[in-house]
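If you count the sequence shown from 1, you need to add 5 to reach the working numbering.
Where a beta carbon is used, it is the ideal one built from N, C-alpha and C, also for glycine.
Every value quoted in this text rests on a predicted model; they were computed, and no experiment measured them.
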Amino acid sequence: MAQKLYKPLLIDSIKATVDLPCNRFVDFTGNICAEGAKAYGVCDVSTDAEQLAPVGVLGVLLVEAGGTITAGSTVTSDANGKAITSATSQSINGYALDDATEGEIFRIIRGI
């Protein structure tokens, strides 16, 4: 697999309320983001519950695909915190910079 450019402009921390996997959307309370919900950011490192998790909030971030993604599409979270193409009624958590298939790590941009 080719290396992907990762360029976080802002990483913050949040107390994990559950075990957080790397490269998944995280909500504002330290949980895995719910389907279609607004994400605080993307977990940067797998983090155990009750620990401080580094979360990429802004920039070019790496996230795991929960389905087929097309570069340029808007993405939101699925029920497992993975990125899926967003519907018009769902929160936009970033824009895909790469094509991706389920389980693949790809780039999104947040903050534009």
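Leu25 classed as buried or exposed, judged by whether at least 16 other C-beta atoms fall within 10 angstroms:
buried
Does the beta-carbon of Leu67 have 16 or more other beta-carbons within 10 angstroms, so that it is buried, or is it exposed?
buried
Please list, in chain order, all residues of the same chain as Ser51 whose beta carbon is under 8 Å from its beta carbon, the five residues on each side excluded.
Asp24, Leu25, Pro26 and Cys27
Let me know the secondary structure DSSP gives Glu69 once reduced to three states.
strand
To the nearest angstrom, how far is it from the Cα of Asn119 to the Cα of Phe30?
No statement about residue 119 is possible, as the shown extent of the chain runs from 6 to 117 and does not include it.
Start and end residues, beta strand (DSSP E) containing Phe111
Ile110 to Arg115
Is Ile16 closer than 7 Å to Ala58 when the C-beta atoms are compared?
no
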